[in-house]
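For the sequence shown, the positions run 40 to 748 when this note's numbering is used. Below is one structure; the comments refer to it alone.
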Amino acid sequence: MMRTATYFFIFLNLSLALFEEPAVYPLPFLATSVLEVLCLLVFLGRLTHFAKVTLHNVFWKDTKNICIMVAILLSLTDLAIYGVLRLYGVRSIRWSRIVRPIFLINFAESRQIRRAFRSIRNTLPEITYVFLLFMFSLLMFSLMALKLFGERNLQTAEGLPYFRNYLEIVFDLYVLVTTANSPDVMMPAFDFSSWYALFFIAFVIINTYIFMSLFLAVVYNNYKKHLKNEIRKLAYMKRRKMIEAFNLLKEQEGEQFVVREARWKQLVKLVAPDTSNSHRELLLRISDDKQKGFVDKKSFVQLADLLNIQVVTLKIRRHPLARWAPALYGSAPSRLLRGLVRHRVFVWTYDAIILINAVFIALDEESPYISYAEWVFLALYIVEILLKVYTYEPREFFGKTQFWNWFDTLIIFAALTATILNATLKSTMKYNSQQILDIVFILRVLRLIRIVDSIQRFRVIMNTLINIVPTMLTFGGLTLVVYCVFAIIGMELFHGKIQYFPANSNAPHALECGNPALKDSLFARGKYCKNNFNNFASSFIVLMELTVVNQWHVFANGFANVTAQPAKLYFIAFHIVMVIIIVNIFVSFILEAFFVEYSLEKSEVETAIEQKIQELGMGVQEDELQHEQLLDNMESAEHELEGEGGAKAQSKGLVFKIASKRYRTVDALLQRMFEAEIPLEDEGPSFEEILNLSPTSAVPRSPSSESGA
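Put into structure tokens, the structure is as follows:
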């Protein structure tokens, strides 16, 4: 609840920019001021609460807390000054709005965003050297372009002088690196002489392909190095804390120290209260393999890994028809029918039907044969659902984690309803029920994702995409911070300089976006007037378009024309921060995620769990469950599994399985990859040494591990 409330007020504080001048939805200054003060009081209360539960010297040494306090003080001061000046009719700038993203970054709940910023900070030194070389190359090519083309009296397509101003040449060639003005920037020189194309080809090869690739390589190399260092710290910290926990709970048993079974159960129930009793017993059987009544140090240290591996407990339950009509449900024709439904050929057949249906959707809908075919496809889909409900236990088939079953059923019945309404009403409206029906059938085509998921290589890609979703949210927060800062700066620099007018407007200079400085410019001719910094929402849209890169030089030139030429530095700075640094870090993470997904095998702990499950005779194989297409999405602690004719023919009891790999985060996989390199007897360095580990430092051994060696 505290975390949710903190995030709510953080985003409320950020969203105030929508209601403050210049506003999308204007609110009185008093209203926005009260809301901002409320947010700041909540932040101060959260910080005070954190100070109460943190050691005094630790709290004041934490830069996060100092940043929050400074941001609160600056915001209150700026709000007071702005309010007083407003009373006297003096216009001023709300400069403290730029510090609002600090609250999103520095609260304890945002550690993932801080990690992303640390990656940027750690990467900057290496990027700086490459960037300086890139700028040297850019300036040298600009100088050559000035000497080659400056005295030729060439003109651009707009009739402007071509490559006669050195600073404009630097900007145009920087834009060429992003390919946004290619081949337009080359054409005047190319028209004059075909040989001049060699200059631009050499420039693109060196700066676009080589230097931009170097940026990615440097970012990836440094990101991987610092990420491994952070994961190494986490792994050693966990190992050290588990050993301290053992030392607090240990009792002597003969010549060794152990943790008694009763205390072990009490501990697991305390730290993992949602774990089922059957799951806890399974973990105890793994930790106390010989059932001695205690857990030794080596097994205890692995407890955190055991709890991190998701084991799904499956309750075996018979189909209702097996209880109500056992003779009918257990008959030979019934078993044959259920066997056919469970077979992969059944899935492939309906995948082929979906493909054929997709072709029919693309054909002429006015044809009566197409209309009849839709009824046939609809009947086939209804038969599919009925057969699956007959074969699989209904409560399991419609379980809360069975997304595809719910999706298929809802789409089929929506299509049935729409088809009946379409045939009955024969609507003549522009957006009639037939078009709604088409949308429903197009949604059916989305089931093709199931085909992708059934192919091993495609499944690796799908697993990676699912695993990186939490990190995509982290980079979404990072992007939000950058967008907020640049949007606020952009509103202060360019607010009101460009106006949007409807197509039929008679306002002066409507065709020039309300500013005569844009007459005959590419910005005005392209009708980009709505791309402005007149409010927070419009600023975000412009920044999104700048991130995509296409035509960003048109925006830069347009805003420079209505202000001053140095305004282009704003757009260059955004491109460097967002596209060159942040996007490359995101690409680096995706690369690392794919490498991990492709290379990582099962851990020793997972193998031990699976072996114990099979020894107990309570296992169900992953591939069997995938054949049934029922249990792929299970996550919760306990589920039910059909027993009659199911994957494991048991009439009562429990079965277990390791949860699907698609629910493991990339951070967890990376941590497991590094932990595989640490011997179980290695207690690791001390806390102080762990915190001071650098990416290039060797890992210090603890005295105990050295003496043991």
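We put the CB at the ideal spot given by N, CA and C, even for glycine. Computed from a predicted model, the values in this text were never measured in an experiment.
- Under the DSSP definition of a beta bridge, F333 partners with R299.
- According to the DSSP secondary-structure assignment, P140 is paired through a beta bridge with no residue.
- Note that the stretch 248 to 266 touches the stretch 621 to 633; at least 3 beta-carbon pairs, one per stretch, sit closer than 8 Å.
- By the C-beta density criterion, K536 is buried, having at least 16 other C-beta atoms within 10 angstroms.
- Residue state for R356 is assigned as strand, using DSSP reduced to three classes.
- Note that the stretch 413 to 427 touches the stretch 447 to 458; at least 3 beta-carbon pairs, one per stretch, sit closer than 8 Å.
- Going by C-alpha positions, L288 is about 27 Å away from V97.
- The criterion of a C-beta distance shorter than 8 Å is satisfied by I152 and L143.
- Closest in alpha carbon position to E60, among I624, M225, T513, I132, is I132.
- Nearest neighbour of A241 by Cα position, chosen from G332, S149, L177, turns out to be L177.
- Distances from the alpha-carbon of N589 to those of T218, C106, Y609 put T218 closest.
- Where E551 is concerned, there is no enclosing beta strand (DSSP E), because DSSP gives it neither an H nor an E.
- Looking only at W134, A155, H318, L74, the smallest Cα-Cα distance to N347 is reached by H318.
- In this chain, E60 is not harboured by any alpha helix (DSSP H), its DSSP state being neither H nor E.
- Measuring C-alpha to C-alpha distances from T162 to each of A632, I624, F633, F634 identifies I624 as the nearest.
- A direct Cα-Cα distance of roughly 11 Å separates N286 from V340.
- E292 is bridged by DSSP to Q295.
- With contacts defined by Cβ atoms closer than 8 Å, A606 and L561 do not form a contacting pair.
- Annotation for V257: E165, I166, V169 place their beta carbon closer than 7 Å to its own, counting only its chain and skipping 5 residues before and after.
- Note that the C-beta distance between F610 and Y567 is not below 8 Å.
- The straight-line gap separating the alpha-carbon atoms of K331 and L322 is approximately 14 Å.
- One alpha carbon belongs to A549, the other to V618, and they sit about 33 Å apart.
- Residue burial annotation: M179 is exposed, with fewer than 16 other C-beta atoms found within 10 angstroms of its C-beta.
- Around the C-beta of T513, 16 or more other C-beta atoms lie within 10 Å, and the residue is accordingly described as buried.
- In the structure shown, P67 falls within a coil segment according to DSSP collapsed to helix, strand and coil.
- If you draw a straight line from the Cα of V398 to the Cα of E413, it is about 11 Å long.
- Close CB contacts of F48 within its chain, under the 6 Å cut and outside five residues either way in sequence, are with C78, V81 (chain order).
- Here E290 is not near R278, since their CB atoms are 8 Å or more apart.
- I245 and V622 have their C-alpha atoms some 21 Å from each other.
- F146 is positioned such that its CB atom lies closer than 8 Å to that of T45.
- In terms of Cβ geometry, L51 and L74 form a close pair [threshold 8 Å].
- Counting the other CB atoms within 10 Å of its CB gives W303 a total of 16 or more, which places it among the buried residues.
- According to the DSSP assignment, P365 belongs to the alpha helix (DSSP H) that extends over 365 to 368.
- Between the alpha carbons of S233 and P140 lies a distance of about 51 Å.
- Taking each of R357, F579, I392 in turn and checking the Cα distance to V524, the smallest one comes out for F579.
- Taking the C-beta atoms as reference points, V521 is found no nearer than 8 Å to V581.
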